[in-house]
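Okay, structure first, notes after.
Number of protein chains: 2
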Amino acid sequence: MLRNYNKMFSKSCEYAIKAMIFVAQKSKDELRVGIKDIAKGTDAPEHFMAKIMQDLSRKKLVQSIKGPNGGFYMDKSNLNCSIADVVKAIDGDGIYSECVLGLKACSEKNPCPVHFEYKEIKKNLIKMIELNTIGEFNSKLDTGKYFLKNG
Amino acid sequence: MLRNYNKMFSKSCEYAIKAMIFVAQKSKDELRVGIKDIAKGTDAPEHFMAKIMQDLSRKKLVQSIKGPNGGFYMDKSNLNCSIADVVKAIDGDGIYSECVLGLKACSEKNPCPVHFEYKEIKKNLIKMIELNTIGEFNSKLDTGKYFLKNG
DNA sequence: GCAAAAAAAGATAAAAAACTCTTTTTATTT
DNA sequence: AAATAAAAAGAGTTTTTTATCTTTTTTTGC
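Residue numbers (the numbering used here), protein chains in the order written: chain H, 1 to 151; chain U, 152 to 302.
This is the structure:
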């Protein structure tokens, strides 16, 4: 054990969620944010974040424009997307479907020993990521009481 | 995204939990279980499982005896250990302490945007893994309604 | 004491995830 | 048209996790 697991989401996914919130925040008035700003604003490695943004952009979770004054921004529908949408885009839908003990065959009819206990937790987790939209974080961050990076 | 994340626990940890439940189940009457049986009974790669069992044994979550008729088994106190104990032994206590967005500085006073929503989920998750002891799974598995492996 | 059985330990390999660097494409401004 | 700015794409490296293979140590039964 060299790690210290946690890992509800992959690192890429953590970065993606933070980036989405950051871009939403910064692009309120049609402004575009560059990859450098996004990386700085979320404590993420720049080139790695670039890859993630490309991915999110390809999947239309965020808008991008090349060239001078280009960058990333969000339209109305992007602001409406939930954390769950981001998670699904980056980590897939394992959070919906996979057994907490990794059993492929685990199901209601063929449950692992913790299936039903975990079911409740999963339900709440899914509710949480589905109900929180990216746009809603704007007001939260505006209060200055929430943070996207250390220090 | 080649993965399909999920990953509440690492693979090692999934195997460890299953192994603990399996050994508890099989060693009810002072019997010892060998690594081959454990691997088979949990759908885990044998040598990898061996490593994990060594780890659990070193940390006294399970007992082991070498030589002919040796193997793994559990004493009373082992049966009393919770899933949380196994998780902490293998994955560390990140599940208790780490921010879901990976922010080192995230805390009650310096919360990330999802801190308080996640707090509730985390509380339930911790409750679940702390209240479920390994020994308690015996009766569950005895009913034949729960499974530790596919197929 | 010797052979066999089993876990422990050591060392290596393969796969996946995280991260970096370089080149290309697209758009803008002068 | 040329220079520049920015994202996109491609190709690589490093680190971590997962998995395998080999040797050593311990215990038991003969």
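Using N, Cα and C, we set each Cβ at its ideal position, and we do this for glycine too. Treat the numbers as computed from the prediction; the structure is a model and nothing was measured.
Let me know if residue i comes out buried or exposed under the rule of 16 or more other beta-carbons within 10 Å of its beta-carbon.
{"i": "Asn229 (chain U)", "result": "buried"}
{"i": "Thr42 (chain H)", "result": "buried"}
{"i": "Phe199 (chain U)", "result": "exposed"}
{"i": "Lys239 (chain U)", "result": "buried"}
{"i": "Glu117 (chain H)", "result": "buried"}
{"i": "Leu131 (chain H)", "result": "exposed"}
{"i": "Lys273 (chain U)", "result": "buried"}
{"i": "Ser290 (chain U)", "result": "exposed"}
{"i": "Asn157 (chain U)", "result": "buried"}
{"i": "Gly302 (chain U)", "result": "exposed"}
{"i": "Tyr224 (chain U)", "result": "buried"}
{"i": "Tyr96 (chain H)", "result": "exposed"}
{"i": "Ile83 (chain H)", "result": "buried"}
{"i": "Glu271 (chain U)", "result": "exposed"}
{"i": "Glu197 (chain U)", "result": "exposed"}
{"i": "Ile65 (chain H)", "result": "exposed"}
Under 8 Å, Cβ to Cβ, is there at least one residue of chain H near residue i?
{"i": "Glu197 (chain U)", "result": "no"}
{"i": "Asn225 (chain U)", "result": "Here residue 225 (chain U) turns out to be Met, not Asn, going by the sequence shown. Output row for Met225 (chain U): interface = no."}
{"i": "Val174 (chain U)", "result": "no"}
{"i": "Val251 (chain U)", "result": "yes"}
{"i": "Val213 (chain U)", "result": "no"}
{"i": "Val237 (chain U)", "result": "no"}
{"i": "Lys177 (chain U)", "result": "no"}
{"i": "Asn220 (chain U)", "result": "no"}
{"i": "Asn229 (chain U)", "result": "no"}
Out of the options, which one is the CA nearest neighbour of residue i?
{"i": "Asp293 (chain U)", "options": "U:Lys169, U:Lys177, U:Cys232, U:Lys162", "result": "U:Lys177"}
{"i": "Gly71 (chain H)", "options": "H:Ile38, H:Asp55, H:Gly94, H:Pro45", "result": "H:Ile38"}
{"i": "Glu181 (chain U)", "options": "U:Phe160, U:Lys260, U:Glu281, U:Lys227", "result": "U:Lys227"}
{"i": "Val184 (chain U)", "options": "U:Pro219, U:Ser163, U:Cys164", "result": "U:Pro219"}
{"i": "Gln214 (chain U)", "options": "U:Ile186, U:His266, U:Ala195", "result": "U:Ile186"}
{"i": "Ile172 (chain U)", "options": "U:Ser248, U:Asn157, U:Asp236", "result": "U:Asp236"}
{"i": "Lys278 (chain U)", "options": "H:Ile126, H:Ile95, H:Glu136, H:Val114", "result": "H:Val114"}
{"i": "Thr133 (chain H)", "options": "H:Ile17, H:Ser12, H:Ser10", "result": "H:Ile17"}
{"i": "Cys112 (chain H)", "options": "H:Glu120, H:Cys99, H:Gly92", "result": "H:Cys99"}
{"i": "Lys162 (chain U)", "options": "H:Tyr146, H:Phe137, H:Leu103, H:Ile52", "result": "H:Leu103"}
{"i": "Gly135 (chain H)", "options": "H:Ala19, H:Tyr15, H:Met8", "result": "H:Ala19"}
{"i": "Met159 (chain U)", "options": "H:Asp55, H:Ser57, H:Lys40, H:Leu125", "result": "H:Leu125"}
{"i": "Lys145 (chain H)", "options": "U:Lys191, U:Ser258, U:Phe288", "result": "U:Ser258"}
{"i": "Lys179 (chain U)", "options": "U:Phe298, U:Lys300, U:Phe288", "result": "U:Phe288"}
{"i": "Phe147 (chain H)", "options": "U:Asn261, U:Leu299, U:Cys232, U:Lys300", "result": "U:Asn261"}
Note down, in chain order, every chain U residue with its Cβ under 7 Å from the Cβ of residue i.
{"i": "Gly34 (chain H)", "result": "What Gly34 (chain H) touches in chain U: nothing, since even the nearest Cβ is about 22 Å away."}
At a CB-CB cut-off below 8 Å, which residues of chain U make contact with residue i?
{"i": "Lys152 (chain H)", "result": "No answer is possible for residue 152 (chain H): it lies beyond the span of chain H, which begins at 1 and ends at 151."}
If we define contact as Cβ-Cβ less than 8 Å, is residue i a contact residue for chain U?
{"i": "Cys81 (chain H)", "result": "no"}
{"i": "Leu141 (chain H)", "result": "yes"}
{"i": "Glu14 (chain H)", "result": "yes"}
Report the neighbours of residue i on chain H: residues whose CB is nearer than 7 Å to its CB, in chain order.
{"i": "Glu268 (chain U)", "result": "Met128, Asn132"}
{"i": "Lys162 (chain U)", "result": "Gly102"}
{"i": "Ile203 (chain U)", "result": "By Cβ distance, chain H contributes nothing, its closest Cβ being about 10 Å from Ile203 (chain U), past 7 Å."}
{"i": "Gly168 (chain U)", "result": "In the sequence under discussion, the amino acid at residue 168 (chain U) is Ile, which differs from the Gly named in the question. Correct list: Leu101."}
In chain H, which residues lie with their C-beta within 9 Å of the C-beta of residue i?
{"i": "Ala256 (chain U)", "result": "Phe147, Lys149, Asn150, Gly151"}
Given that residue i touches chain H, what residues does it touch there, using C-beta distances under 8 Å?
{"i": "Asn275 (chain U)", "result": "Glu120, Ile121, Asn124"}
Scan the segment 203-263 of chain U and note each continuous beta strand (DSSP E) run of 3 residues or more that stays entirely inside, going in chain order. Along the length of the segment 203-263 of chain U, whole beta strand (DSSP E) runs at least 3 residues long occupy 214-216, 222-224, reported in chain order.
Segments of 4+ residues assigned as alpha helix (DSSP H) that fall wholly inside the segment 158-184 of chain U: Fully enclosed alpha helix (DSSP H) runs of no fewer than 4 residues occupy 162-177 of the segment 158-184 of chain U, in order along the chain.
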